[in-house]
Amino acid sequence: MLTAKKLAQLFHSTYEELAPYFHYETRLASRKTWEDVPTNNRDLMIATSERVLATLKAAGYLGLEVVVPVARDSDDYDDS
């Protein structure tokens, strides 16, 4: 089961991992492992994940197949 905490952890670690591919340097304060992220920041990410999951559930998206694009750098990124 995907919990809000798991989603927040996944988003955080993936964001930090992908940032260099998009020629972006994350803030030193947030460039930490999940366990070392300040509590208020973790709580915010978990609360945001709760809201996103609730919105997806209400819209009927949870449980549907998800299309995952192949990783690419920002020059090739097309969000259409």
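Read the sequence shown against the working numbering and you will find it ends at 184, with the numbers running on by one and no gaps.
For glycine and all other residues, C-beta sits at the position ideal for the given N, C-alpha and C.
Only a predicted model underlies this, so the values are computations on that prediction, with no experimental measurement involved.
Exposure label - residue i; buried when at least 16 CB within 10 Å
| i | result |
| --- | --- |
| Met149 | buried |
| His127 | exposed |
| Tyr181 | Residue confidence is low: Tyr181 scores 47 on pLDDT, short of 50, so the model does not pin down where it sits. Its coordinate-derived value is still stated next. With fewer than 16 other Cβ atoms within 10 Å, it is exposed. |
Beta-carbon proximity of residue i to residue j, cut-off 8 Å
| i | j | result |
| --- | --- | --- |
| Ala123 | Ser153 | no |
| Ser134 | Asn144 | no |
| Leu157 | Leu111 | yes |
For residue i, three-class secondary structure by DSSP
| i | result |
| --- | --- |
| Thr118 | helix |
| Thr107 | coil |
| Tyr125 | helix |
| Leu157 | helix |
| Thr152 | helix |
| Arg135 | coil |
Residue i versus residue j: straight-line alpha-carbon distance, rounded
| i | j | result |
| --- | --- | --- |
| Thr130 | Asp140 | 15 Å |
| Val160 | Tyr125 | Note on identity: in this sequence residue 160 is Leu, with Val being the wrong assignment. Cα to Cα, the separation comes out at about 28 Å. |
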